[in-house]
Every structure is written in structure tokens, then in C-alpha cells.
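What follows is one structure encoded as C-alpha cells, with my remarks underneath.
In my numbering, the protein residues as written are 1 to 240.
This is the structure we're talking about:
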């Protein structure tokens, strides 16, 4: 059992709680019983699973052992450092898939695609969950977006981030115009009056700053009661 916080592998795992460590190590941490069961069915490669004495008889362990995934046994105090979401179940260490980086301008869309600059991990995870539910073909993440393989994104997406294709884009400030893109905004064409084309992109701006000035794409507006100031970005995408 590993008890020292100076253990090299523990330090590597702890770095996976932040985007910098995930990018450097090309690994991510997966938290949560249900999500782990789901991702084990996906065509992913796994490095280790992590557990501590209270989890010695956890029902996930036989399944992880059956998959041939190596165990990493650590003290409970160290384990809690790796489990800020307090899932209290073994953690899965996953090799991250190759992430596509795309330059602007974009080629024409195929079906429905989403452009996203959401910086909050929980919101981004919820967006991925909606994207999978509504058969979005691809999610494009601007540089302002949260990193998609942060533990909180994975958890709030219920694992959808592993089942929904995504790619990285430059800054949203560099995105000026695109004939296939409609931006969700507080003003524009009311959604009930809109006839969507078969191939299009929906653009979701940053929380707070919203859409950049100088953006030359048509706007979509979701009518709501005057007593409600606005919808959050994920709710707006779901309705649209």
C-alpha cells in the first residue's frame, strides 16, 4: 500500500485533477460507479484503477480485475485527495484518445454540430450529455472552453464526453463568420419562427462575456417569460 504523497505515481495521478497534468501525462481520471461501468464498454485503453482499504471489497473491483486493469493500492488519506467528487468508489485511470485540433475556417457541417466556449466544467459536461442525447455529430471547443477530460466534466457528462466526437478550435475571438452557424443570443430570430437547415452549427458563447463583438453570424432567440432574465447556455442548447 502506498502511503507517501511523494510517491511518483501518486503525484502523477494527482496532476490529473487539472488540465495541465492531463495534457502532459495523456491520462485522465474517471470517477463514479455508473460511469466506470459505461466506459469499460467503450473502445478505450486503461492504465490502472485506484483503491484504498475501505474499498477493498467494493463490487467494482472484480469487474476491473476481470478486464485485466492493474490495481494501485493507496492509503485512504491519499485516495481522498484523488476523489474530490467524493464518489467513494475505485477510480479508473484512462489513456486519453487523440484529440483533433482544427484551424479556422471550418469545412461545411455534417448534420448538427455545436461550437462551444463554456468555461465551467459542470456546464460543459451537461452540454456533452445533451449533445449525445440529441445526436449532435460533433462538438467543437474553443480555447476558452474548459478542458473536456477534467474529472468534473466527465462526471457531469455521465461519460457522454467519451461517446461524442469533439475537436479543439482556436479562440472564439478568431471566429468571425461562418455561413452554416447560428448563435444563441438574447435577441435574434425567435426559435418558433426558425426553419433549420439539414446541416448547421449552433454556437454557444462564454458564460458571462457571451458572444464576442464583431461576430457576423445570425442569432437565434428563445422566447421566455419577462420575469426570467435569461436561460443558462445548456438549457438554451437543449431547447434549440
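Glycine included, every Cβ here is placed at the ideal spot set by N, Cα and C.
- For residue 76, the enclosing alpha helix (DSSP H) covers residues 76-82.
- As the crow flies, the alpha-carbon of residue 14 is around 21 Å from that of residue 161.
- Here the alpha carbons of residue 32 and residue 155 stand approximately 7 Å from one another.
- Separation of residue 146 and residue 117 (C-alpha to C-alpha, rounded to the nearest whole angstrom) is 8 Å.
- Boundaries of the beta strand (DSSP E) harbouring residue 94: 91-95, taken from the DSSP string.
- Listed in chain order, the alpha helix (DSSP H) elements of length 4 or more contained wholly in the region 4-88 are 8-15, 19-25, 33-39, 60-66 and 76-82.
- Put simply, the region 101-117 touches the region 169-189. At least three CB pairs are less than 8 Å apart.
- For residue 45, the closest of 215, 55, 184 and 68 by C-alpha to C-alpha distance is 68.
- By the CB criterion at 8 Å, residue 27 and residue 91 fall outside the cutoff.
- The region 200-220 makes contact with the region 179-192, as at least three CB pairs between them are under 8 Å.
- Ranked by Cα distance from residue 126, the first of 170, 171, 17 and 159 is 159.
- If you compare the alpha carbons of 114, 203, 150 and 55 with that of residue 17, the shortest gap goes to 150.
- In this structure, DSSP gives residue 146 a state outside helix and strand, which the three-state scheme calls coil.
- The alpha-carbon of residue 34 is positioned some 42 Å away from that of residue 216.
- With respect to the 8 Å criterion, residue 73 and residue 9 are not classified as neighbours on the basis of their beta carbons.
- Taken through DSSP and simplified to helix, strand or coil, residue 212 comes out as coil.
- Membership of residue 184 in the beta strand (DSSP E) is indicated by the continuous run 181-185.
- The beta carbon of residue 79 lies closer than 6 Å to those of 52 in the same chain, with the five residues before and after it left out.
- In the three-state reduction of the DSSP assignment, residue 192 falls in the helix class, which pools H, G and I.
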